[in-house]
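J.: Have a look at the structure that comes next, please.
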Amino acid sequence: MPLDHSVIGVESEPYERTWTAKDTMLYALGVGAGVSELEFTTEKGQRVLPTFAVLAAQAPGRRLGGFDPAMLVHAEQGFELHRELPPAGGVRTTSKVTGIYDKGSGALVVSESRAVDLGTGELVVSSRSSVFIRGEGGFGGDRGPRDAWAAPDRAPDHKVTYETRPEQALIYRLSGDYNPLHSDPEFAARAGFDRPILHGLCTYGVTGRALLHSVAGSDPARFKAMSGRFSAPVFPGESLTVSIWVDGTDVLFRTAKDDGTVVIDRGRATIV
110 MPLDHSVIGV
120 ESEPYERTWT
130 AKDTMLYALG
140 VGAGVSELEF
150 TTEKGQRVLP
160 TFAVLAAQAP
170 GRRLGGFDPA
180 MLVHAEQGFE
190 LHRELPPAGG
200 VRTTSKVTGI
210 YDKGSGALVV
220 SESRAVDLGT
230 GELVVSSRSS
240 VFIRGEGGFG
250 GDRGPRDAWA
260 APDRAPDHKV
270 TYETRPEQAL
280 IYRLSGDYNP
290 LHSDPEFAAR
300 AGFDRPILHG
310 LCTYGVTGRA
320 LLHSVAGSDP
330 ARFKAMSGRF
340 SAPVFPGESL
350 TVSIWVDGTD
360 VLFRTAKDDG
370 TVVIDRGRAT
380 IV
């Protein structure tokens, strides 16, 4: 069954999600925070890592048609925070597919979400994401917009390296993403990997920590937006280095492994 293009532009039913202080602490641990970041990993003066916004604004996926789920990978992720997230809270989210683009070897499906406070209706998070589905391209559609991102012609203003743990994906999955691609060797082999890979959003969260501590003074209230494109898989236990260029409130970044392979490209953030 081909992808269902009739879903484009159709807004979903509202989806309500709540979270507890334990959930946000577990998320922080899942993206590598530890004893040097106790304001995020314990209840004493607890604050929330800004990238938790992506999980807060998630809603159940739309049915896109028939395809092998092992062929789907997270391609891009972005969010805008309209206020700092509380350790415990709740939102009501609506989402819609905004485009299905023909990339030849596969299809890129782009979605947008809006999450509002359960009590006040105030907008809390706007997010945009895309997934790439291998084998579903070639239908003669638009290839989609191009991004003119380019790294500045100078050394990064900051360069931060974090190690991931061998069990990092097993911790991160407890925040709700139980895709067996990240835990089951047999499923990972179907997707062409010799072992389970790290969640893209875990790599994204590790990168967000680097931005938060290097550019925002570890203050989540200053962290307003972040986006990036997933360009290569990460295996649990690998190190990640985030190169960061700062121009006022505008920040560009790129995340790479020790061998130089870029795993998050075309990164942008807004820090005030």
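Here the working numbering = 1-based position in the sequence shown + 109.
C-beta: ideal position from N, C-alpha, C; glycine also.
1. Per DSSP, what kind of secondary structure is Q155 in: helix, strand or coil?
2. Determine the burial state of F332: buried for a count of at least 16 other Cβ atoms within 10 Å of its Cβ, exposed for fewer.
3. Between which two residues does the alpha helix (DSSP H) carrying I280 extend?
4. Nearest to V269 by alpha carbon, out of N288, W128, G139 and D367?
5. Assess contact between the segment 228 to 242 and the segment 172 to 188, defined as three or more Cβ pairs (one per stretch) separated by less than 8 Å. Is contact present?
6. Leaving out five residues on either side along the sequence, give the residues of the same chain with a beta carbon under 7 Å from the beta carbon of L217.
7. Taking the alpha carbon of E272 as the point to measure from, which residue in A297, F302 and G314 has its own alpha carbon closest?
8. Does the segment 301 to 309 come into contact with the segment 341 to 351, if we say contact requires no fewer than three beta-carbon pairs (one atom in each stretch) closer than 8 Å?
9. For the structure I just gave you, are there three or more beta carbon pairs, one from the segment 199 to 210 and one from the segment 135 to 144, closer than 8 Å?
10. Could you tell me if A257 is buried or exposed, where buried requires 16 or more neighbouring beta carbons within 10 angstroms of its beta carbon?
11. Taking the beta strand (DSSP E) that H322 belongs to, which residues open and close that run?
12. Which value, in whole angstroms, describes the spacing of the CA atoms of G154 and E146?
13. Tell me which same chain residues have a C-beta within less than 8 Å of the C-beta of D286, skipping the five on either side of it?
14. Distance, Cα to Cα, R255 vs R338?
15. Looking only at its chain, what residues have a beta carbon closer than 6 Å to the beta carbon of T383, apart from the 5 residues adjacent to it on each side?
16. Helix, strand or coil: which one does DSSP assign to G187?
17. Considering only C-alpha positions, which residue in the set V360, H322, A168 and I353 is nearest to A264?
18. According to the Cβ coordinates, are L158 and H191 closer than 9 Å?
19. Along the beta strand (DSSP E) that carries M335, what are the first and last residues, could you check?
20. So, helix, strand or coil for Y124, using DSSP?
21. For T207, which option in A378, A130 and S220 has the closest C-alpha, if you only look at C-alpha atoms?
22. Look up R299 in the DSSP assignment and say whether it is helix, strand or coil.
23. For S284, which of helix, strand or coil comes out of DSSP?
24. Do you know whose CA, among L194, T127, P196 and T160, lies nearest V187's CA?
25. What's the gap between the Cα of S214 and the Cα of V225?
T.: A quick look at the data gives this:
1. Three-state result, Q155: coil.
2. Buried, since its Cβ has 16 or more Cβ neighbours within 10 Å.
3. Where I280 is concerned, the enclosing alpha helix (DSSP H) stretches over Q277 to Y281.
4. Ranked by Cα distance from V269, the first of N288, W128, G139 and D367 is D367.
5. Touching, yes.
6. Sequence-distant partners of L217 (beyond 5 residues in either direction) whose C-beta falls short of 7 Å from its own C-beta, in its chain, are A184, Y210, S239, F241 and G253.
7. Ranking the options by Cα distance to E272, first place goes to G314.
8. Yes: the two stretches touch, three or more of their Cβ pairs being nearer than 8 Å.
9. Between the segment 199 to 210 and the segment 135 to 144, the count of C-beta pairs closer than 8 Å stays below three; the two stretches do not touch.
10. Exposed.
11. H322 -> not in any beta strand (DSSP E); alpha helix (DSSP H) instead, spanning G309 to V324.
12. Whole-angstrom Cα-Cα distance: 11 Å.
13. These residues qualify, in order along the chain: H308 and L310.
14. One C-alpha to the other measures close to 12 Å.
15. Outside the displayed span of the chain (110 to 381) sits residue 383, for which this structure offers no information.
16. In the displayed model, G187 falls within a strand according to three-state DSSP.
17. Of the candidates V360, H322, A168 and I353, the one whose C-alpha sits nearest the C-alpha of A264 is I353.
18. At a Cβ-Cβ threshold of 9 Å, L158 and H191 do not count as neighbours.
19. Per DSSP, the continuous beta strand (DSSP E) segment holding M335 begins and ends at F332 to F339.
20. Note: Y124 maps to strand in three-state DSSP.
21. Of the candidates A378, A130 and S220, the one whose C-alpha sits nearest the C-alpha of T207 is S220.
22. Looking at R299 - three-state DSSP - the assignment turns out to be helix.
23. Of the three classes helix, strand and coil, the one that applies to S284 here is helix, per DSSP.
24. What sits at residue 187 in the sequence shown is Gly, not Val. Checking every option, the nearest Cα to that of G187 belongs to T160.
25. Roughly 36 Å between the two C-alpha positions.
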